[in-house]
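Chains as they are written, first to last, in this note's numbering: chain A, 14 to 433; chain B, 16 to 632.
Written out as structure tokens, the structure is:
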């Protein structure tokens, strides 16, 4: 056993290769999305070249991580989390205002987005907390603390005015589930999401009638066999009704108009192609017109001629879809699937619970980005402005995801270590 | 649930989302084809390329209608931002209200698609505007051509072009689209198909701001436009110009035809207008000014006005009577200053010796002679009722191109008026009219109206001793088979050549006498043979008429001139005809001609008082 503790493994080849493939894919896509006649690949000022430079920075960061001891991260988890939370607060006061939000430090040469780094800090912190021997997620107070660790950065980021990025943190609830949170909480969460959608989709009065009829039917069915359950059925129906009102109230009063629009577009309540729906419409046209094999590298017209907004960042997948078609999209999705499954596989081969929780955190965050970003470009998810991991242009985002992957790889090389 | 179950939960969750997304992508990219079209709608614009309209030359290859580029300014309202309106308006010479109005109109059409903001600004104005174009986002120019008339003459012949009407677009072929130009009158209309050419199109790609991003598919699907054909008029623009000059301050018209082939050498209608007025941005304004003008400058008097021919009709009566045997060349009719018919006594207009033959009767323009001739024609044949006899008479007139359209290549040619026997039946009752009832016809009065073109064509037939080519303004185009056939085939009249010689003798005498009396032209070799006329009309002074041809023995030009409300006889029309002939045959005006020319130019029958004002201008 002692022998195993010090035994080092080399980095996981599958993750490394998928990671490189995705970054490479990203640079190509960024190049295509900013391409205009006359631009060469080695144009230093262009986005794709900057992304290449950032990739260099990522590799450098990776090198440092690989040199450090894995225990370094678990040891400093509280500290890193604290620093990260501080940076989230500081950016509100000293950050650069961009389009109504303050998420960026302007460092002259480049800009940094602390919320991207808060992800790995929160992952470390969450792992650190969960693996404490006195913590049991089946206990309400411990669960509440775990939620708190997730909610704190999310709240600060909402304060910055970047609710999209904040949503990502809640994907860590999946990690809690894996680490012992009672399943019914997850099911309840899923049920509430469905109920929310139904609440937004249909008028309140119809839903109330439906709940009433459903409650009455269930009550009648159980009136002979299980009379005691009836109060619960009635109570449930009432709670559902109240929830529906709450959802609609929140939708009207908490969400900003543009956010309401995005959801309404997704639910098909708005057909107006001018504002909210326009982006999704153009995005679908770009992807859809790519056909099976795509229009060819640099031949995309929707993407090249600015029909799709935020092309190199949030809507980068449009370039892939248009120029490389279904084949390109297929390859990209397969790459993500390989990465996600491999991370789950890696998570489960860790002896250290800390590494296991961290790995699931990485998988959950990447998965969440993937679902939201790609989903919005193909019209399955409301428009939420977060990047596609490893692909979207942006140094902070690339570096943030890279650090997650590198720390994961580092832990994996030390997977026979139990104590952390 | 144990760990195993929770791991599987993750795997199923990831796999499920992956499959759903792949499914959606498969649906978007492989199954649904509509996105390709939508993408093309986004990016590809089909632009019409407008052909240049055919140029127009006169008979001497002088360019008389050409094209000039003008610029339409188009606007895409969505892109209009932060514009220095004052500067913009100054550059385009419009006021702020117009700016707001036009922008609102374009916005109503579409915020995203470009539409016309202001039409047809000049090259010069555009040059100024272009320098600052970059400051006016959302605006861009489109070049097209309008007509330009270097000579500013022959406006009635040339006609004008204008935007095609909605009705036309709905009714006619699909060639025209809103905003296209089409010939509306004159040869612009008549030869529209030749002149317009063929529109082409090209495909370009645009970005989201509608900025051009190069050609689509390397231009392989483009179709270039075909320029319109050029057209050669039969007009002599110098002669036309001269005619218009001579007609200044007079109402009336001149038609000159080359008898040898029916080519119209000049067609003047006065008052006229500068054809450049009905072209370009001010067309609408100018058109309403011109169409409200009481002098009717838009009215082509040469083919649309109907005149009583008066005595110019007499040669025709003589020809028909000779051919029908009602009289013979040396027939004597007593004049004696008056002529008794039943209980009516008609007087001759002037004292002269009774005519002993047709030429003298023509020379003297003896009314009694032609009354009696006409009576012989209508009532002299026992086998014919007056009704039948008039029908025979009319049939000759139709052969001479009267009472019908001659088919000149201009729209709206008037028919004139040749009364049919049934019409007289209706007026007087069947069988209740005879030669005396309709005796005015004998001297070209009464129910008889001709266009100037018909009068000139009548002279053409006499000059040719019996035939004519339908008069036309454009050199027949061989590929235009129907028209070519029509204009190059002679039409004969069934009057024998010797009768023409008899009549021409009379016309010659008229010509010689005019030289004596009016000295209107005694240039050697002109040899004008013609007939004067006075058309009484109820609205003021009679019209002065003269129709003629020259030279008598080898005619090269036939001319009819009408000067409205100028007074009796040949005094006004004849000198004008003479000058036209001299100008055409000699290409210059002699010393003596200059003197007459001066008198003609001084004549003013429109508004004599304006002369002083005009001099002061």
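Ideal placement from N, C-alpha and C gives every residue a C-beta, glycine not left out.
Specify, as a first and last residue, the run of the beta strand (DSSP E) that residue i falls within.
i, result
"residue 573 (chain B)", "572–578"
"residue 282 (chain B)", "278–285"
"residue 110 (chain A)", "109–111"
"residue 484 (chain B)", "Unbroken run through residue 484 (chain B): none, as it is neither H nor E."
"residue 154 (chain B)", "154–163"
"residue 544 (chain B)", "544–550"
"residue 220 (chain B)", "215–221"
"residue 177 (chain B)", "176–178"
"residue 67 (chain A)", "It is not in any beta strand (DSSP E) - residue 67 (chain A) instead sits in the alpha helix (DSSP H) that spans 60–80."
"residue 127 (chain B)", "Segment: none, residue 127 (chain B) is in no beta strand (DSSP E) and carries neither H nor E."
"residue 118 (chain A)", "114–119"
"residue 80 (chain B)", "78–90"
Rounded to the nearest angstrom, how far is the Cβ of residue i from that of residue j, given a contact under 8 Å?
i, j, result
"residue 308 (chain A)", "residue 265 (chain A)", "42 Å between Cβ atoms; not a contact."
"residue 257 (chain B)", "residue 598 (chain B)", "5 Å"
"residue 58 (chain B)", "residue 135 (chain A)", "About 43 Å separates the two Cβ atoms, so there is no contact after all."
"residue 375 (chain B)", "residue 333 (chain B)", "That pair is no contact at about 11 Å."
"residue 393 (chain B)", "residue 405 (chain B)", "6 Å"
"residue 160 (chain B)", "residue 67 (chain B)", "6 Å"
"residue 35 (chain A)", "residue 404 (chain A)", "6 Å"
How about residue i and residue j: do their beta carbons lie closer than 8 Å?
i, j, result
"residue 31 (chain A)", "residue 352 (chain A)", "yes"
"residue 529 (chain B)", "residue 589 (chain B)", "yes"
"residue 152 (chain B)", "residue 302 (chain A)", "no"
"residue 250 (chain A)", "residue 227 (chain A)", "yes"
"residue 339 (chain A)", "residue 208 (chain B)", "no"
"residue 317 (chain B)", "residue 284 (chain B)", "yes"
"residue 249 (chain B)", "residue 489 (chain B)", "yes"
In angstroms, rounded to a whole number, what distance separates the CA positions of residue i and residue j?
i, j, result
"residue 85 (chain A)", "residue 376 (chain A)", "21 Å"
"residue 356 (chain A)", "residue 372 (chain A)", "6 Å"
"residue 510 (chain B)", "residue 292 (chain B)", "47 Å"
"residue 61 (chain A)", "residue 220 (chain B)", "25 Å"
"residue 25 (chain A)", "residue 429 (chain A)", "14 Å"
"residue 27 (chain A)", "residue 370 (chain A)", "20 Å"
"residue 441 (chain A)", "residue 182 (chain A)", "No information on residue 441 (chain A) is available, as it lies outside the stretch 14 to 433 that chain A covers here."
"residue 291 (chain A)", "residue 298 (chain A)", "10 Å"
"residue 532 (chain B)", "residue 448 (chain B)", "40 Å"
"residue 436 (chain B)", "residue 445 (chain B)", "9 Å"
"residue 427 (chain A)", "residue 363 (chain A)", "9 Å"
"residue 20 (chain B)", "residue 29 (chain B)", "14 Å"
"residue 247 (chain B)", "residue 576 (chain B)", "25 Å"
"residue 483 (chain B)", "residue 607 (chain B)", "33 Å"
"residue 467 (chain B)", "residue 559 (chain B)", "12 Å"
"residue 16 (chain B)", "residue 242 (chain A)", "Confidence is the limiting factor: at residue 16 (chain B) the pLDDT is only 41, short of 50, which leaves the residue's position unreliable and the question unanswerable from this model."
For residue i, which three-state DSSP category applies?
i, result
"residue 377 (chain A)", "helix"
"residue 560 (chain B)", "strand"
"residue 247 (chain B)", "strand"
"residue 232 (chain A)", "helix"
"residue 209 (chain B)", "helix"
"residue 198 (chain B)", "strand"
"residue 21 (chain B)", "helix"
"residue 201 (chain A)", "helix"
"residue 60 (chain B)", "strand"
"residue 532 (chain B)", "helix"
"residue 136 (chain B)", "strand"
"residue 216 (chain A)", "coil"
"residue 322 (chain B)", "strand"
"residue 424 (chain A)", "helix"
For residue i, report the span of its alpha helix (DSSP H) as first-last.
i, result
"residue 618 (chain B)", "Neither: residue 618 (chain B) is in no alpha helix (DSSP H) and is coded neither H nor E."
"residue 429 (chain A)", "Where residue 429 (chain A) is concerned, there is no enclosing alpha helix (DSSP H), given that its DSSP letter is neither H nor E."
"residue 586 (chain B)", "585–601"
"residue 265 (chain B)", "No alpha helix (DSSP H) holds residue 265 (chain B); DSSP gives it neither H nor E."
Indicate, with yes or no, if the ligand FAD has a heavy atom lying under 7 Å from the CB of residue i.
i, result
"residue 85 (chain B)", "Because no ligand of any kind appears in the structure shown, any question about the ligand FAD cannot be addressed here."
Name, going along the chain, the residues of the segment 169–195 of chain A whose beta-carbon falls closer than 8 Å to a beta-carbon of chain D. Going by chain labels, chain D is absent from the structure shown, which instead holds the protein chains A and B.
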